[in-house]
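Numbering (the UniProt record's numbering), first residue to last: 1 to 336.
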Ligand SMILES: NC(=O)c1ccc[n+]([C@@H]2O[C@H](COP(=O)([O-])OP(=O)(O)OC[C@H]3O[C@@H](n4cnc5c(N)ncnc54)[C@H](O)[C@@H]3O)[C@@H](O)[C@H]2O)c1
């Protein structure tokens with residue numbers, strides 16, 4: 001399949017691009033390189049050509065049309081391009097609206113205009129908001145607690161309606177906490193301005209960020225009092241994207257064609273679990289300090305990914321805590 005991948009030079013997108021390339025599909029990346037890196041993409045080698053990179057912005061409809069015209073026709077789009085820092089979405093909502101809502105709408109319209117009718121969309125657990133129960137399945141109410149989550153839910157709703165009103169068929173994948181790096185060490189991506197726990201911990205371990213690591217609250221109703229989150233390996237996310245593409249390609253129906261599925265492990269790790277594993281794996285001290293909890297931070301967030309398992313037989317294979325941390329450490333460890 002020939003696949004356009006907006007945001008494919010970023011953290012998760014580059015792992016999906018690599019998985020597509022590995023299985024003989026032809027990904028073409030469309031990316032502004034705001035946070036993505038050309039070095040995340042496969043270079044030409046004896047195993048095949050390099051992945052083309054079309055430098056463009058999803059807010060620019062003309063650039064999208066140009067990419068479809070120059071690089072198409074495409075069998076599908078896998079759409080990662082977004083602003084993702086939930087905190088920043090509350091102070092700069094316009095930037096999130098423009099990239100996530102307007103950009104995604106431009107992309108859908110450009111795809112439809114070019115006759116490309118299959119799309120996989122990066123959604124998020126943030127569409128659920130404060131958990132009313134765990135594990136969170138797809139029937140859990142969607143009440144985002146930040147503007148970032150709202151922008152993703154708005155796109156999901158557009159995709160749902162367009163599945164009824166146009167030939168578009170789509171799958172929204174609601175990731176929980178993406179973590180880890182390519183187990184083969186081919187993508188050594190360091191998260192720019194990291195806010196997620198594992199990269200923050202590893203930056204402190206590597207001396208790239210001043211410590212101590214701040215632990216936001218240790219009096220939650222969890223086994224050790226710190227917050228519990230569901231960390232899922234990017235290679236496992238990549239496998240699910242391949243399954244979603246195959247599902248869209250196999251399904252002959254053209255009506256009511258939108259699906260939203262969770263991707264998580266069904267399990268969680270506490271902040272203390274992550275710190276302890278990171279200290280053991282890196283051999284570094286990694287100082288930490290408990291500070292007051294952040295308002296609105298839930299005690300426990302973890303997924304039910306039963307629906308993805310039932311539909312695709314999908315199951316995480318690389319999402320053990322040690323593999324999540326050790327594969328990431330490859331990008332942060334100073335050379336010996
Ligand atoms: N990382 C997570 O834990 C997580 C969890 C849930 C959902 N997501 C979603 O997954 C997707 C990928 O996230 P990521 O962690 O790989 O982030 P990332 O920042 O590494 O990747 C985003 C990519 O999109 C590109 N981009 C940003 N704005 C663009 C624009 N206007 N036009 C074109 N390209 C643009 C960036 O350069 C980058 O390559 C995002 O949609 C994010 O919301 C991520």
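Where is the CB? At the ideal position from N, CA and C, for every residue including glycine. Only a predicted model underlies this, so the values are computations on that prediction, with no experimental measurement involved.
In DSSP terms, what residue i is bridged to
i: residue 178; result: 232
i: residue 258; result: 170
i: residue 136; result: 303
i: residue 31; result: 55
i: residue 216; result: 291
i: residue 21; result: Its beta-bridge partners do not exist; DSSP assigns none.
i: residue 77; result: 4, 119
i: residue 263; result: 175
Beta-carbon spacing of residue i, residue j below 7 Å
i: residue 350; j: residue 202; result: This structure leaves residue 350 out entirely; the chain is present only between 1 and 336.
i: residue 15; j: residue 234; result: yes
i: residue 189; j: residue 332; result: no
i: residue 174; j: residue 104; result: no
i: residue 325; j: residue 281; result: yes
i: residue 291; j: residue 197; result: no
i: residue 65; j: residue 110; result: yes
Cut-off 8 Å between Cβ atoms - residues of its own chain near residue i, not counting five sequence neighbours on either side
i: residue 299; result: 220, 221, 222, 227, 228
i: residue 289; result: 212, 213, 214, 215
i: residue 77; result: 3, 4, 5, 6, 107, 111, 116, 118, 119, 120
Chain-order list of residues whose beta-carbon lies under 7 Å from that of residue i (same chain, five-residue window excluded)
i: residue 53; result: 9, 29, 31, 38, 41
i: residue 100; result: 82, 83, 151, 152, 155
i: residue 147; result: 89, 90, 93, 96
i: residue 44; result: 50
i: residue 277; result: 321, 322, 325
i: residue 319; result: 231, 232, 233, 236, 265
i: residue 260; result: 123, 138, 156, 172, 174
beta-carbon residue i near ligand 1 non-hydrogen atom, thresh 6 Å
i: residue 97; result: no
i: residue 12; result: yes
i: residue 34; result: yes
i: residue 404; result: Not covered by the structure: residue 404. The range shown for the chain is 1 to 336.
i: residue 284; result: no
i: residue 128; result: no
Neighbourhood of residue i by C-beta, 6 Å cutoff - its chain only, sequence neighbours within 5 removed
i: residue 162; result: 168
i: residue 26; result: 2
i: residue 137; result: 304
Under 8 Å: do the segment 267 to 283 and the segment 225 to 233 share three or more Cβ pairs, one atom per stretch?
Three or more beta-carbon pairs separated by less than 8 Å link the segment 267 to 283 to the segment 225 to 233, which places the two stretches in contact.
Using 8 Å as the Cβ pair cut-off and three pairs as the minimum, do the segment 295 to 309 and the segment 116 to 135 touch?
Enough Cβ pairs lie closer than 8 Å, so yes.
Three Cβ pairs or more, each shorter than 8 Å: is that satisfied between the segment 70 to 79 and the segment 177 to 184?
Short answer: they don't touch.
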